[in-house]
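Heads up: the sequence shown begins at 1 in the numbering used here, then just goes up one per residue.
Notes follow the structure.
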Amino acid sequence: MTAPFRILTVTWSEDLPHFELLRDSLAMSRLAQIPHDVVVQSEDLPLFSAFRGGTVTLRGSDSILPPPVERRRRQARHREARAGRHGTRLLSSVSRLTGWPRWVRYTGWQTQQLSKLGAVAASDADTVVVMDSDVVVTHLADPGDFTSAGSIVAFAEWQRASGLSGKTRNWHHTAQRLFGLPGTGNDDVDCYFDTPFLFHAPSVRDLMALLEQQHGKPWWQVLLGLPPRRWSEFCTYKTYLRLASTHPVEWRDTGQFGYLFDASDPNKLADDFKRLVVEGGRHYITIHSQSAGRRLWNARDCTGGILDCLKKMRPYA
């Protein structure tokens, strides 16, 4: 029997503890038999080799990204390590103003966006559900969360365009210019750019073809030519889906999703997690990863309590 969708996770070595928890939670859920495509930065493949097999298909970024992008991604990873988090962000700001240095456009945060789009475009399933490594799947999760008869499913949080600020405003403005579309004015726009995030693979392929037609270059060159950290693969896709796609879309709210931002106290984290599930009815809970920056806590210290909660709440053995 063909699965109704595929799950996609694009990750790297620093998020391995989160990914382990994601896999454990999937295995205890009704999504256990859904195929799971995992793309990791190529040099990190050995760290994830134990997950290969069963429902998991493991691939390196070199099998998704064009060779020039993969080469420059590896170079950028070394330069980012030398510059540090704050130095890299500073250089990103300089690059937005001057176009230099170019390497900041190839950092992992940006090339992971390309990997998601490339993996979705190559998928043999129409629906691909992106789950970042810091998502935990609860026993309430159900395949029906992501499927609909005859329509594309998209999760949305609507907000007046005039009220946008920060990165969300930048992403929307960039996406509008990218497609040569008029500004949103005071319209309502969708601001849900977290995971789980649904992609419709045929629409992603149509999006890529439109970018190449309008800009006269490969889609990935178009995106890498944008100012660093001023574009989002999710916002680009949602903008296309809302304003340019010919497919019917079923917009759903995000009430099934929950978020935890402070994991400094593992016991409190487990209590908060349980409350989101039992009282809040959340199907998917994101414990936001800090691996890319401040490292306020050790992810491995948090997994035990969450796993205990999942085992106790699991309705079947």
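Backbone N, C-alpha and C define an ideal beta-carbon position, used for all residues, glycine too.
Being a predicted model, the structure only gives us computed values, none of them experimental.
Residue from the options whose Cα sits closest to the Cα of residue i
i      : options                          : result
Leu243 : Thr168, Asn298 and Gln176        : Gln176
Gly166 : Ser232, Ala83, Lys274 and Val120 : Ser232
Arg59  : His36, Gln75, Arg77 and Arg73    : His36
Arg282 : Cys302, Ala299 and Leu260        : Leu260
Val153 : Cys309, Asp145 and Arg160        : Asp145
Ser162 : Phe155, Ala156 and His173        : His173
Asp265 : Cys302, Phe257 and Asp187        : Cys302
Phe5   : His288, Ala81, Ser133 and Asp126 : Asp126
Gln113 : Asp262, Phe193 and Asp187        : Phe193
Val189 : Phe48, Ala141 and Ala156         : Ala156
Ser123 : Thr286, Val39 and Val136         : Val39
Tyr284 : Thr11, Arg30, Glu14 and Val10    : Arg30
Gly225 : Gly99, Ser245 and Asn267         : Gly99
Val10  : Val135, Thr88 and Asp262         : Val135
Thr286 : Thr239, Arg85 and Met131         : Met131
Gly54  : Tyr240, Ile306 and Ala32         : Ala32
Arg252 : Leu21, Glu70 and Cys191          : Cys191
Leu181 : Thr239, Leu21, Lys217 and Leu164 : Thr239
Gly255 : Thr236, His288 and Thr195        : Thr195
Close beta carbons around residue i, own chain, < 7 angstroms, minus the five adjacent residues each side
i      : result
Gly118 : Ile64 and Leu65
Val222 : Leu211 and His215
Phe234 : Phe193 and Phe197
Ala317 : Low per-residue confidence applies at Ala317: pLDDT is 38, beneath 50, and the placement is therefore not dependable enough to give any value.
Phe51  : Arg23, Val38 and Leu58
Arg79  : Trp103
Trp12  : Val40, Gln41, Asp44 and Gly108
Ala83  : Leu91
Asn267 : Gly305
Which of helix, strand or coil DSSP assigns to residue i
i      : result
Gly60  : strand
Phe5   : coil
Asp44  : helix
Gln33  : coil
Gly53  : strand
Arg169 : helix
Leu26  : helix
Pro66  : coil
Arg73  : helix
Arg205 : helix
Pro218 : coil
Leu178 : helix
Leu226 : coil
Phe19  : helix
Ala317 : Confidence at Ala317 is low in this model, with a pLDDT of 38, below 50, so the placement of that residue is unreliable and no value is reported for it.
Close Cβ partners of residue i (< 6 angstroms) along its chain, the five nearest in sequence each way excluded
i      : result
Tyr106 : Arg72, Arg73 and Ala76
Val120 : Val128, Phe199, Ala201 and Val204
Ser42  : Gly60, Ser61 and Asp62
Ala299 : Pro17 and His18
Arg230 : Asn170 and Thr174
Thr236 : Ala175
For residue i: DSSP bridge partner residues
i      : result
Val128 : Arg6 and Phe199
Ala154 : Trp251
Thr11  : Val40
Arg160 : Asp188
Own chain residues within Cβ distance below 8 angstroms of residue i, not counting five before or after
i      : result
Met313 : Thr138, His139, Lys274, Val277 and Val278
Cys309 : Ala270, Phe273, Lys274 and Val277
Gly150 : Pro248
Ser95  : Pro101, Arg102, Val104, Arg105, Pro227 and Pro228
heavy atom of the ligand SAM below 7 angstroms from residue i C-beta
i      : result
Arg242 : Annotation note on the ligand SAM: not contained in the displayed structure, which lists no ligands.
Unbroken stretches of the beta strand (DSSP E), 3 residues or longer, contained in the stretch 228–308: Every unbroken stretch of the beta strand (DSSP E) spanning 3 or more residues and falling wholly within the stretch 228–308 is given here in chain order: 249–252, 257–260 and 284–287.
For a minimum of 4 consecutive residues, which ranges assigned as the alpha helix (DSSP H) are wholly contained in the stretch 76–154? Entirely contained in the stretch 76–154, the alpha helix (DSSP H) runs reaching 4 residues are, in chain order, 108–121.
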